[in-house]
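Counting in the numbering used here, the sequence shown runs from 15 upward without gaps. Structure, as structure tokens:
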Amino acid sequence: MTLGDHISDRVETVPPSGIRRFFELAEEVDDVISLGVGEPDFSAPWAARTAAIDSLERGKTSYTSNRGMRELREAISERVTRYGQEYDPENEIIVTTGASEAVDLAFRAFVDDGDVVAIPQPSYISYTPGAIFAGGDPLPVPTYAEDEFKLTREGLEAAGADEADVLVLCYPNNPTGAVMTDEELADVAAFVREHDLVVLSDEIYADLRYEDDHASIATHPGMRDRTVVFNGFSKAYAMTGLRLGYAMGPPEAIDAMNKVHQYAMLSAPTTAQYAALEALRSCDDAVDEMRREYDRRRRFVLARFEEMGIDCFEAKGAFYVFPEAPDGDDEAFAEGLLEEQNVALVPGSVFGEGGEGHLRVSYATSMRELREAMDRIEAYVNG
């Protein structure tokens, strides 16, 4: 017997990441322009980097509180009031190693064996495996381009989500760039209350909306006590490599997540916490500048797809658009584009039901590369 004979069934049943498989193909091609990576092309704001350096020079390299530095939790509590969210830094906020750890903690804290986890799709690729690793049964809830990939009560009912235990949300959405208004979330909130679901709301792109303010389901009547909200510093602050996120929820929820966190991680990276504290204190202007640049790129990419005759709904959040593959076969189109024009996109089918026949295009790259990539896509489409 070898270790390979003892791999758990939960791990065996989860396929490798479809994104990683595609980028392994891209790594074999020279002169590739990648529009597939979900990572800002900016560096973290200088003030945040300086704070990280200063903390190291002062020898601040010890563990922090399990829940994160008190000052940082206080700053987070103050910051999220802009979204209508109010959380006590003492017992309703936990700082984590990226928002990804926060999501994993929540799955392990709130999902029992056999619990049904409703996951609107297309969605971030880690939700389904995370639910499975926690012992849950994922329930896909497809969303569609004709609805601008918004989650609807009708969609929840059609998928059988009234029998679910947990609902995962991600708006602004990865991979589609879709957003939801407060009124649209009210319908979902009513469904959740009616069927007594727990909500895990990933709001990592909250600061990257381009036409109106961010709306959170946690602010709706009766939702605060049944919702955990995730956010972090990777996207808006371009701090992906510093791995810092946070979760907010009622005290009993954060206590449960902290119990897992204590054993799995102990505390989030100390240096990153100092960087994040300074980011919240003094880097709003840098975030605004990045958001304006993303918006400029978004409008450029949408206009180019329209000129090519490629259908693409108007994504209004995150830094992705989700056009239809011209021939309907997203994997064949993405592989052909990579082979003939050296442009890497991600097939929409890797993001689950509703993603088939679409392509995730990230505009988190320079305008110079975007122009060249769009020219190459047009040449491939017209070839």
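Every residue, glycine too, gets a C-beta built ideally from N, C-alpha and C.
Going by the beta-carbon positions, is the gap between residue i and residue j smaller than 8 Å?
{"i": "residue 290", "j": "residue 258", "result": "yes"}
{"i": "residue 244", "j": "residue 116", "result": "yes"}
{"i": "residue 188", "j": "residue 52", "result": "yes"}
{"i": "residue 221", "j": "residue 305", "result": "yes"}
{"i": "residue 62", "j": "residue 253", "result": "yes"}
{"i": "residue 14", "j": "residue 135", "result": "This structure does not reach residue 14, given that the chain is present from 15 up to 397, and the question cannot be answered."}
{"i": "residue 297", "j": "residue 251", "result": "yes"}
{"i": "residue 234", "j": "residue 200", "result": "yes"}
{"i": "residue 153", "j": "residue 125", "result": "no"}
{"i": "residue 387", "j": "residue 70", "result": "no"}
{"i": "residue 224", "j": "residue 74", "result": "no"}
{"i": "residue 315", "j": "residue 219", "result": "no"}
{"i": "residue 325", "j": "residue 307", "result": "no"}
{"i": "residue 363", "j": "residue 344", "result": "yes"}
{"i": "residue 13", "j": "residue 274", "result": "With the chain covering only 15 through 397, there is no way to say anything about residue 13."}
{"i": "residue 350", "j": "residue 288", "result": "no"}
{"i": "residue 208", "j": "residue 164", "result": "no"}
{"i": "residue 268", "j": "residue 105", "result": "yes"}
Quick check on the burial criterion: 16 or more other C-beta atoms within 10 angstroms. Buried or exposed for residue i?
{"i": "residue 4", "result": "In the structure displayed, the chain extends from 15 to 397; residue 4 sits before or after that span and is not available."}
{"i": "residue 21", "result": "exposed"}
{"i": "residue 398", "result": "Lying outside 15 to 397, the shown extent of the chain, residue 398 is not represented and no answer is given."}
{"i": "residue 277", "result": "exposed"}
{"i": "residue 141", "result": "buried"}
{"i": "residue 25", "result": "exposed"}
{"i": "residue 242", "result": "buried"}
{"i": "residue 280", "result": "exposed"}
{"i": "residue 138", "result": "buried"}
{"i": "residue 77", "result": "exposed"}
{"i": "residue 385", "result": "exposed"}
{"i": "residue 17", "result": "exposed"}
{"i": "residue 396", "result": "exposed"}
{"i": "residue 82", "result": "buried"}
{"i": "residue 381", "result": "exposed"}
{"i": "residue 30", "result": "exposed"}
{"i": "residue 300", "result": "buried"}
{"i": "residue 366", "result": "buried"}
{"i": "residue 44", "result": "exposed"}
{"i": "residue 323", "result": "exposed"}
{"i": "residue 176", "result": "exposed"}
{"i": "residue 195", "result": "exposed"}
{"i": "residue 216", "result": "buried"}
{"i": "residue 240", "result": "buried"}
{"i": "residue 150", "result": "buried"}
{"i": "residue 317", "result": "exposed"}
{"i": "residue 162", "result": "buried"}
{"i": "residue 84", "result": "exposed"}
Would you give the residue range spanned by the alpha helix (DSSP H) that residue i belongs to?
{"i": "residue 355", "result": "344–355"}
{"i": "residue 373", "result": "First-last for residue 373: 373–376, but that is the beta strand (DSSP E), not the alpha helix (DSSP H)."}
{"i": "residue 91", "result": "84–93"}
{"i": "residue 324", "result": "From DSSP, residue 324 is part of no alpha helix (DSSP H); its letter is neither H nor E."}
{"i": "residue 391", "result": "381–396"}
{"i": "residue 287", "result": "284–296"}
{"i": "residue 69", "result": "60–71"}
{"i": "residue 28", "result": "Run containing residue 28: none; DSSP gives neither H nor E here."}
{"i": "residue 167", "result": "167–173"}
Give me the Cβ distance between residue i and residue j, rounded to the nearest whole Å; I'm assuming they're in contact under 8 Å.
{"i": "residue 400", "j": "residue 282", "result": "Since the displayed the chain opens at 15 and closes at 397, residue 400 lies outside it and no answer follows."}
{"i": "residue 334", "j": "residue 190", "result": "7 Å"}
{"i": "residue 87", "j": "residue 107", "result": "5 Å"}
{"i": "residue 179", "j": "residue 206", "result": "The pair is not a contact, with the Cβ atoms about 11 Å apart (cut-off 8 Å)."}
{"i": "residue 65", "j": "residue 266", "result": "Not really, about 33 Å apart at Cβ, beyond 8 Å."}
{"i": "residue 118", "j": "residue 144", "result": "6 Å"}
{"i": "residue 237", "j": "residue 203", "result": "5 Å"}
{"i": "residue 295", "j": "residue 58", "result": "Going by Cβ atoms, the distance from residue 295 to residue 58 rounds to 14 Å, so no, they are not a contact pair."}
{"i": "residue 358", "j": "residue 352", "result": "6 Å"}
{"i": "residue 356", "j": "residue 46", "result": "5 Å"}
On the DSSP letters alone, give me the boundaries of the beta strand (DSSP E) that residue i sits inside.
{"i": "residue 16", "result": "Segment: none, residue 16 is in no beta strand (DSSP E) and carries neither H nor E."}
{"i": "residue 401", "result": "Outside the modelled stretch of the chain, which goes from 15 to 397, sits residue 401, for which no answer is possible."}
{"i": "residue 110", "result": "107–110"}
{"i": "residue 215", "result": "212–216"}
{"i": "residue 241", "result": "241–246"}
{"i": "residue 182", "result": "180–184"}
What are the partner residues of residue i, as DSSP defines its beta bridges?
{"i": "residue 361", "result": "373"}
{"i": "residue 262", "result": "107, 243"}
{"i": "residue 130", "result": "151"}
{"i": "residue 207", "result": "Paired residue(s): none; residue 207 is not in a bridge."}
{"i": "residue 135", "result": "156"}
{"i": "residue 334", "result": "376"}
{"i": "residue 48", "result": "358"}
{"i": "residue 223", "result": "331"}
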